[in-house]
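Here the structure comes first, spelled out in structure tokens, and everything after it is commentary.
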Amino acid sequence: MIHNGISIGRFRDILPGAPARVRAELGIPSGAPVIGIVARIYAVKGHRALIAMMPHVLTDLPDARLLIVGDGPDRSSCETMVDKLGLRERVIFTGQREDVAELLCGCDVFAMPSDSEGLPMSAIESLAMGVPVIAYDVGGVREVVHHGHTGCLVEHGDTAGFVLALVSLLKDPVTHAAWSENARAAADRFGIARHVRQLVDLYTELANKGARG
């Protein structure tokens with residue numbers, strides 16, 4: 007198995023003041039817990055499910071914010087849902103952005119309530135930034151997120167469990183710090199250098215087998 011690779015360096019070269027700058031740009035108070043999601047906004051990614059969870063999150067964490075990075079065909083319906091739930095002051099839509107690394111550094115936890123996933127590259131990027139991941143246990147997510155080490159995997163459709171995982175992590179600075187440190191180390195498995203090295207090794211092995219045959 008050779009996983010896709012990302013350029014880890016661009017998620018490690020963030021200036022120390024970036025988190026505060028990002029939050030100031032988005033109007034997020036410095037101490038507010040921030041849940042981030044980076045994905046094209048369409049049904050399978052679970053944005054509406056996550057928005058529906060926010061009132062329950064806010065019961066325990068009234069200052070929490072949900073940062074939705076990306077755009078897509080379901081954005082309008084998601085914004086309508088936010089307004090109906092009275093969450094306009096707590097949910098931020100950034101639209102399509104190129105500065106994903108900078109936006110991630112302003113988040114405390116990454117949410118992935120997807121109905122289906124292949125190998126979730128956005129989760130890898132989140133880990134590279136030291137942001138733990140709370141996700142439904144679907145598709146290739148468990149190949150990226152180590153439950154209880156770099157994040158939490160929740161049974162698909164268990165919204166109460168997802169909310170509990172978010173709130174528990176955001177209220178536990180010791181666990182959050184440990185998972186954040188683990189996340190940065192775990193992301194190295196998906197670096198471009200390792201990906202290329204594995205490909206070269208595979209091609210070399212196949213070439214040698216061909217020469218012997």
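Numbering of the sequence shown is given in the working numbering, commencing with residue 7 and proceeding in unit increments.
In this text, a Cβ means the ideal position worked out from N, Cα and C, and glycines have one as well.
- Message: Using 8 Å for Cβ pairs, my map puts M60 next to V115. What's the rounded Cβ distance?
- Response: Not quite, the Cβ-Cβ distance comes to about 13 Å (not below 8 Å), so this is no contact.
- Item | Same chain, Cβ closer than 8 Å to I57, neighbours up to 5 away in sequence not counted | L72, C84, M87, V88, L91, L93, V97
- Task: Measure the C-alpha to C-alpha separation of C158 and G112 and round it to an integer number of angstroms.
- Result: 20 Å
- Determine the contact status of P126 and V106, defining contact as a CB-CB distance below 7 Å. no
- Message: In whole angstroms, give me the CA-to-CA distance for A26 and A70.
- Response: Cα atoms of A26 and A70: separation of roughly 16 Å, rounded to the nearest angstrom.
- Item | Inter-residue Cα distance where the pair is A171 and H153 | 11 Å
- Item | Closest residue to A189 among Q102, V160, V150 (Cα-Cα distance) | V150
- Message: Taking its Cβ as the centre, do 16 or more other Cβ atoms sit within 10 Å of G76, making it buried, or is it exposed?
- Response: buried
- List in chain order: all unbroken beta strand (DSSP E) runs of 3+ residues lying wholly within the segment 32–78. 40–44, 71–75
- For V169, I'd like the list of residues in its chain whose CB is within less than 8 Å of its CB, leaving aside the five on either flank, ordered along the chain. M59, H62, V63
- For G78, which option in L110, V44, L109, L67 has the closest C-alpha, if you only look at C-alpha atoms? V44
- Query: How many angstroms separate the CA atom of H182 from the CA atom of P22?
  - Reply: 19 Å
- Query: If you check the beta carbons only, do K51 and S120 fall under 7 Å apart?
  - Reply: Cβ distance < 7 Å, so K51 and S120 count as in contact.
- Message: Once DSSP output is grouped into helix, strand and coil, what is the label at H201?
- Response: Note on H201: pLDDT 48, under 50, position unreliable in the model; the coordinate value appears next. It is helical.
- Item | Top-ranked residue by Cα proximity to G42, from A129, P35, A24 | G42 has its Cα closest to that of A129, out of A129, P35, A24.
- Taking the DSSP output, what are the residues bridged to M118? A141
- For C113, which three-state DSSP category applies? coil
- Spatially closest choice to L32 from A213, Y48, E95, by CA coordinates: E95
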